[in-house]
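So the sequence shown is numbered by our numbering: it starts at 3 and just counts up by one. Backbone N, C-alpha and C define an ideal beta-carbon position, used for all residues, glycine too. Since this is a predicted model, take the numbers as computed values, not measurements. To start, the structure under review is shown below, and the notes come after it.
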Amino acid sequence: MATIDSAVGDATQRVIDTFDRYVVPNYRRFPVCLVKGEGSRVWDAEGREYLDLFPGWGCNLLGHCPEPVVRAVQEQVAKLIHVPNTWYTETQGEWAHLLSERSFGGQAFFCNSGTEANEAAIKLVRLRTNGEKYKIITFQGGFHGRTMGSVTATAQPKYHEGLGPMLAGFQYAPHGDLAAVEKLVDDRTGGILVEPILGEGGIVPAPPGFLQGLRKIADERDLLLVFDEVQCGCGRTGKWFGYQHFGVVPDVMTLAKSLCAGIAGGAMLTTGELAKHLRPGMHASTFGGNPIAAAAGIATIRTIEEQGLLGHVDRAAAAFRTRLEALQDRCDAVRAVRVIGMMIGVELSIDCAAVVQACLDRNLLVNSTQGRVIRLLPAMTISPADVEDGCDRLADAILEVASHTAT
């Protein structure tokens, strides 16, 4: 089957040429120019249709261009596009209220992305003790963002290359190792930052008892327990937030990606008592909580509830699990299948980059992470037919690459 590289049309090539001249080349891009999306489908400049199982890098929780969010944004942009946070807006207050009710209560700081939300959390940990307890423990395999604070918090050396010296105060423990955490805590430790479900790390849920153990350590040593739910929050797992699967409530939670169903938006949630430490002048975000993002965030929450999408996630997840575990039974290259709602990891013994290309040849969009894991973050709205279609295409791609590897 011909690869996409050999089928680049004139329209796409013109866009690529423009990028080559004017856009910083800090991304590895496939030679595809997407121009339209609807649900779990997208189309390129040549009119080819793709099934997207990784829509918007996990941001398009409701699929491409969900009608309720589109309508809310259109109505809002005609009334008020942006005002600074020196003024009140109804939408930002309502959005915070909806998030508070569905989580552990408290208050929201709004920003534009996950890394910004984590920066706010890092500052809050330090501000709580006026910088006296500034150290934060994070975990190998985690990912927290690209700004200097968040990338330092990310305990993966490959993201630190060429950026040193890194920000002082971060200490790394093996994921799941409570004894290692205990050894790292000292009088300068102020918090623990962890993803309840590793996203970029390969769709790996916290081991049994791990989050409960972190909660216990935090309580005994007066630390803030911060959950990075940038990827697993906002209903993606079949519950509003990932922590709700584990029965452990954090002191601070960070959100972004799917928070606004594709519109840029991020948030840090914390208790009212802790929120007072992030006092005026210590942190801000010019576009944080802007009327357009707030309107999209409100519409996202309402759509999930009105359409019963949390229940739909459970059904779609069961269908993915059945199909992918059946593939594992007949393909030795599939080492593990991990499905937590619409967070899906297929761990392989073969080169995932080749599988991603083989999927693209079949007009299927997926992602690889950690070199050996195919990562899917499908829309909550994905249809049963698209689940089956996607699994068929993915299975064909894996089997093809596995057969070539074997020979």
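- Annotated as proximal: A298 and C262, with beta-carbon spacing under 8 Å.
- Pairing G240 with D12, the inter-Cα distance amounts to about 42 Å.
- Between the beta-carbon of Q158 and that of G201 there is about 13 Å, and that puts the pair past the 8 Å contact cut.
- For T117, the enclosing alpha helix (DSSP H) covers residues G116 to L129.
- Segment contact: the segment 354-371 against the segment 397-408, three or more CB-CB distances shorter than 8 Å; contact assigned.
- The DSSP-derived three-state label of F56 is coil.
- Counting along the chain, M150 sits inside the alpha helix (DSSP H) bounded by residues M150 to A155.
- For T302 and L64, the gap between their C-alpha atoms comes out near 8 Å.
- For M255, same chain residues with a beta-carbon under 6 Å away, outside a window of 5 residues either side, are F229, E231 and L271 in chain order.
- The beta carbon of V187 sits closer than 6 Å to the beta carbons of R223 from its chain, once the five residues preceding and following it are set aside; these are given in chain order.
- For the pair L213 and F248, the CB atoms are nearer than the 8 Å cut-off.
- Segment contact: the segment 305-317 against the segment 280-289, fewer than three CB-CB distances shorter than 8 Å; contact not assigned.
- Where Q359 is concerned, there is no enclosing beta strand (DSSP E), although the alpha helix (DSSP H) around it starts and stops at C354 to D363.
- By the Cβ neighbour-count rule, D253 is buried, with 16 or more other Cβ atoms within 10 Å of its own.
- Under the three-state reduction of DSSP output, F145 falls in the coil class, being neither helix nor strand.
- Per DSSP, E197 lies in no beta strand (DSSP E) and is assigned neither H nor E.
- Residue environment: L379 is assigned as buried (16 or more neighbouring CB atoms within 10 Å of its CB, all protein chains considered).
- Under the three-state reduction of DSSP output, I400 falls in the helix class.
- For Y174, the secondary structure class from DSSP, reduced to helix, strand or coil, is strand.
- Per DSSP, A9 lies in no beta strand (DSSP E) and is assigned neither H nor E.
- Taking the Cα of R340 as reference, the smallest distance to any Cα among L82, P27, E184 and L350 is reached at L350.
- When secondary structure is reduced to three states using DSSP, E163 falls in the coil class, being assigned neither helix nor strand.
- For W242, there is no enclosing beta strand (DSSP E), as DSSP marks it with neither H nor E.
- Spanning the alpha carbons of K81 and D46 requires a straight line of approximately 32 Å.
- For V75, no beta strand (DSSP E) encloses it; the enclosing alpha helix (DSSP H) starts and ends at E69 to V79.
- Around the beta carbon of D22, a 10 Å sphere encloses fewer than 16 other beta carbons of the protein chains shown; the residue is thus reported as exposed.
- Around the Cβ of V403, a 10 Å sphere holds 16 or more other Cβ atoms; the residue is buried.
- If you look at S370, you'll find it in the beta strand (DSSP E) that goes N369 to T371.
- Here A122 really is in contact with H285; their C-beta atoms are around 6 Å apart, less than 8 Å.
- For A338, the secondary structure class from DSSP, reduced to helix, strand or coil, is strand.
- Counted as a single uninterrupted DSSP element, the beta strand (DSSP E) harbouring V375 occupies residues V375 to L378.
- Across the structure, N365 and Y245 are spaced so that their CA atoms are roughly 35 Å apart.
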